Amino acid sequence: MTKKERYQLFIDHFSKKSPTAETELEYTNPYELLVAVILSAQCTDKRVNIVTKDLFRRFPEAQSLSEADVEEVFEYIRSISYPNNKAKHLVGMAKILVNEFNNVVPSDIDDLQKMPGVGRKTANVIASVVYNKPAMAVDTHVFRVANRLGLTNNAKTPLESEKELIKNLPEEVIPVAHHWLILHGRYICVARKPKCGECDITHFCKSFGKV
DNA sequence: ATCCCGAGGG
DNA sequence: CCCTCTGGAT
1 MTKKERYQLF IDHFSKKSPT AETELEYTNP YELLVAVILS AQCTDKRVNI VTKDLFRRFP
61 EAQSLSEADV EEVFEYIRSI SYPNNKAKHL VGMAKILVNE FNNVVPSDID DLQKMPGVGR
121 KTANVIASVV YNKPAMAVDT HVFRVANRLG LTNNAKTPLE SEKELIKNLP EEVIPVAHHW
181 LILHGRYICV ARKPKCGECD ITHFCKSFGK V
């Protein structure tokens, strides 16, 4: 089948199955989302939400977080992965947010990445969710699943994957498609031994029978 | 044991 | 390009 047909089958299937897939991270403003996404690396959303509940009460906006003691932030987030790094990143991020960006979470990918703890994936999440930009955050799931399905043609890097997905997906589908790929990658198309027996989209999977 | 919606540094 | 950071869930 052509690439266009494959994309169409992908969209048809998931827009029926999970029309409203979205992040489970809890936040009430861009600052909180930025914090939550930085914390989410190698960690479930549920656990992030437990931690951010108290964290946001103590540091309601970037200003207070920018003046915070890294040690205190560490205490709030010690139950998630990489608490030392993330505590440093959060305070550093808040400092730049206040001092360089006048307390406004930037919409530009490059500006976002000037903040510690914010790499391309996190920057794309903000651009997409907060600013409705056609940005695709490529994490480990998106990268792997897109390659397996054949939405990307054996992309070698996340950036390559991102560009190909952006080029082929209708703009309005990009944000949901991100979550479709993640959900599929988390529960069915797992890294080690993909559960092809439980998969309901083998009819357009380029790797079915080959993994 | 093995895996989780990464980023920074060498 | 590879290493490290790291706790919790299953």
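Counting in the UniProt record's numbering, the first sequence runs from 1 upward without gaps.
Cβ coordinates follow ideal geometry from the N, Cα and C atoms, glycine included.
Note that this is a predicted model, so its numbers are computed, not measured.
Other residues of its chain near Phe59: CB distance less than 7 Å, five sequence neighbours each side excluded: Answer for Phe59: Leu65, Ala68, listed in chain order.
Cβ neighbours of Asp54 in the same chain (closer than 8 Å, five flanking residues each side left out): Closer than 8 Å at Cβ, skipping near neighbours: Tyr76.
Span separating the alpha-carbon of Val142 from that of Val91: 29 Å
Lys195 versus Val70 - alpha carbon distance: 42 Å
Buried/exposed call for Ser40, threshold 16 Cβ in 10 Å: buried
Coil, strand or helix - Asp110 by DSSP: helix
Met136: first and last residue of the uninterrupted alpha helix (DSSP H) it sits in: Segment: none, Met136 is in no alpha helix (DSSP H) and carries neither H nor E.
Option nearest Lys133 by Cα separation, candidates Arg6, Lys121, Glu172: Glu172
Anticipated Cβ contact below 8 Å, Val48 with Ile80, distance rounded: 7 Å
Beta-carbon gap between Leu34 and Val105 smaller than 8 Å: yes
Inter-residue Cα distance where the pair is Gln63 and Ala94: 7 Å
Leu149 classed as buried or exposed, judged by whether at least 16 other C-beta atoms fall within 10 angstroms: buried
Per-residue burial, Lys16 [other beta carbons within 10 Å of its own, 16 or more giving buried]: exposed
Euclidean distance between Cα positions of His13 and Ile38: 31 Å
Nearest-angstrom Cα separation, counted from Glu72 out to Thr44: Rounded to whole angstroms, Thr44 and Glu72 show a C-alpha spacing of 22 Å.
Residue range of the unbroken alpha helix (DSSP H) whose run includes Met93: Where Met93 is concerned, the enclosing alpha helix (DSSP H) starts and stops at 83-99.
Which listed residue (Lys3, Thr52, Ala137) has its alpha carbon closest to that of Arg78: Thr52
Between the CA atoms of Lys86 and Ala146 - distance to the nearest angstrom: 29 Å
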